[in-house]
């Protein structure tokens with residue numbers, strides 16, 4: 001681990017953020033170990049809006065017919081997702097293991113052309129899979145009852161269209 005792959009915090013900072021955690025992230029495309037410094041409280045906000053099944057219990061009503069159609073659609077979408085995409089988290093883990101094993105092999109010996117090509121393909125596929133995972137986990141709550149802390153925070157932030165390197169100013 002190099003000196004760049006660390007955080008330096010004071011006891012005052014640690015007292016101010018009691019839920020502080022440091023996590024090493026996988027390094028499929030970098031020479032350095034990305035670190036995540038998380039200061040968020042694990043208990044965050046109200047639970048999202050959910051439909052109640054009891055709303056659709058009246059047999060023969062338009063709402064119960066809609067409920068049955070939505071259930072059938074849900075089952076079809078789950079089946080399609082399983083057949084077409086599979087488990088993205090498992091795919092991501094396998095690709096990361098492949099990349100890491102080739103990285104470890106490269107530390108021992110020089111990789112041949114096929115291995116270099118395989119690692120590059122794995123990195124590209126890893127990016128695609130992780131983008132799909134990220135898009136799955138960042139769904140929008142269609143029926144918000146009140147504005148959550150995150151929506152207030154991100155709606156007040158300016159768009160990040162320009163990359164700035166804060167470390168260049170230190």
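Residue numbers (UniProt numbering): 1 to 170.
Note that CB positions come from ideal geometry on N, CA and C, so glycine has one too.
Helix, strand or coil at residue i according to DSSP, with G and I counted as helix
i	result
residue 142	Unreliable positioning characterises residue 142 in this predicted model, as indicated by a pLDDT of 49, which lies under 50. The coordinate reading is nonetheless provided below. In this structure, residue 142 counts as coil in the three-state DSSP scheme.
residue 16	helix
residue 103	helix
residue 75	helix
residue 149	With a pLDDT of 49 at residue 149, under the threshold of 50, the predicted position of this residue should be treated as unreliable, and no value is reported.
residue 8	coil
residue 68	helix
Cβ pair residue i, residue j closer than 9 Å
i	j	result
residue 95	residue 28	yes
residue 19	residue 47	no
residue 35	residue 6	yes
residue 129	residue 88	yes
Beta bridge counterpart(s) of residue i as assigned by DSSP
i	result
residue 29	DSSP lists no partner for residue 29.
residue 114	DSSP, once it has assigned bridges, lists no residue as partnering residue 114.
Distance between residue j and residue i (C-alpha atoms, nearest Å)
i	j	result
residue 98	residue 54	47 Å
residue 63	residue 56	5 Å
residue 102	residue 132	24 Å
residue 91	residue 38	26 Å
residue 25	residue 75	34 Å
residue 15	residue 9	10 Å
residue 60	residue 127	47 Å
residue 171	residue 69	Outside the displayed range of the chain (1 to 170) lies residue 171, so it cannot be described from this structure.
residue 112	residue 85	31 Å
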